[in-house]
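These notes concern the structure reproduced below.
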Amino acid sequence: MKNLVLLMLLSIIFARCSAGKVIKSNTEEMKTTTTTYQPTAKLQTQNGREMLVGTVAYDDILHYFENWRTEDAGIVLDQPLIDRIKAINEPIDVVCYLGTWCEDSRNGVPPFVRAIREAKNPNIQLTLIAINRDKTEPESLLENGIERVPTFILKQNGEEFARLVEFPMQENFVLDFVEIAGY
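The opening position of the sequence shown corresponds to residue 1389 in the working numbering, with each subsequent residue numbered one higher.
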């Protein structure tokens, strides 16, 4: 009986030691394959505040701004709404003007981007354009009459057919989008 107990204890000890080596090996392997995100946009400073200006990738925003990462991490996607986005069978271009410095943008844009990404609908093209705090850059801001952010411009065949400005009409911009798109 003592030999059996001793054998079981030794088995457990050796199993734990080898399991630790496997974990260490996997950890070392993960370290070598993990790459650091390289943003494509560069920060600008205006009145002592950092911001992005121009066409930006959502991942650049998340890279530079912790408050956006926090907002993004708290998003719970609504699967029926995602399914409605997946059902859109006509091309729609969405141009979203936002301010990385703007709380309304930080609250409204992340759920929209995450829903579009989750749906993976090739008919929907999303472009994010960050503006400066004075709302004077980039030039397309003035050309499109952007006064408040976020502003989502919805286009089909190059023609604007709807605009969502600053606050959603319903619970969120995603719901507004699918309702306006007719899905």
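Just so it is clear, CB atoms sit at the ideal spot from N, CA and C, and this is done for glycine as well.
Residue span of the beta strand (DSSP E) that contains residue i, given as start and end
| i | result |
| --- | --- |
| aspartate 1522 | Here aspartate 1522 belongs to no beta strand (DSSP E), and DSSP marks it neither H nor E. |
| valine 1483 | 1480-1486 |
| glutamate 1547 | 1547-1553 |
| glutamate 1438 | 1437-1439 |
| leucine 1563 | Segment 1561-1569 is the alpha helix (DSSP H) holding leucine 1563; no beta strand (DSSP E) there. |
| glycine 1533 | From DSSP, glycine 1533 is part of no beta strand (DSSP E); its letter is neither H nor E. |
Supposed close pair residue i, residue j - CB separation, criterion 8 Å
| i | j | result |
| --- | --- | --- |
| valine 1482 | isoleucine 1512 | 7 Å |
| threonine 1433 | alanine 1445 | At roughly 20 Å, the Cβ-Cβ gap does not stay under 8 Å, so threonine 1433 and alanine 1445 are not in contact. |
| alanine 1550 | isoleucine 1534 | With a Cβ gap of about 15 Å, alanine 1550 and isoleucine 1534 do not count as contacting. |
| valine 1441 | glutamate 1527 | The Cβ separation is near 11 Å, so there is no contact. |
Spatial neighbours of residue i in its chain, beta-carbon cut-off 6 Å, leaving aside the 5 residues before and after
| i | result |
| --- | --- |
| glycine 1487 | Ser1493, Ile1519 and Val1537 |
| arginine 1521 | Gln1434 and Trp1489 |
| glutamate 1554 | Asp1492 and Arg1536 |
| leucine 1529 | Ile1519 |
Segment limits, alpha helix (DSSP H) that includes residue i
| i | result |
| --- | --- |
| threonine 1458 | 1454-1461 |
| glutamine 1467 | 1467-1474 |
| alanine 1507 | 1491-1507 |
Cutoff 8 Å; reference residue i; Cβ partners in own chain excluding five residues on either side
| i | result |
| --- | --- |
| leucine 1542 | Ile1480, Asp1481, Val1482, Glu1548, Phe1549, Ala1550, Arg1551, Leu1552, Phe1565, Ile1568 and Ala1569 |
| asparagine 1495 | Glu1459 |
| alanine 1461 | none |
Cα-Cα separation, residue i to residue j
| i | j | result |
| --- | --- | --- |
| isoleucine 1504 | isoleucine 1473 | 7 Å |
| glutamine 1544 | tyrosine 1452 | 32 Å |
| valine 1497 | phenylalanine 1561 | 8 Å |
Residues of its chain near residue i, where Cβ-Cβ distance is below 7 Å and the 5 sequence neighbours each way are ignored
| i | result |
| --- | --- |
| leucine 1392 | With a pLDDT of 40 at leucine 1392, under the threshold of 50, the modelled position of that residue is not reliable, and no figure is offered here. |
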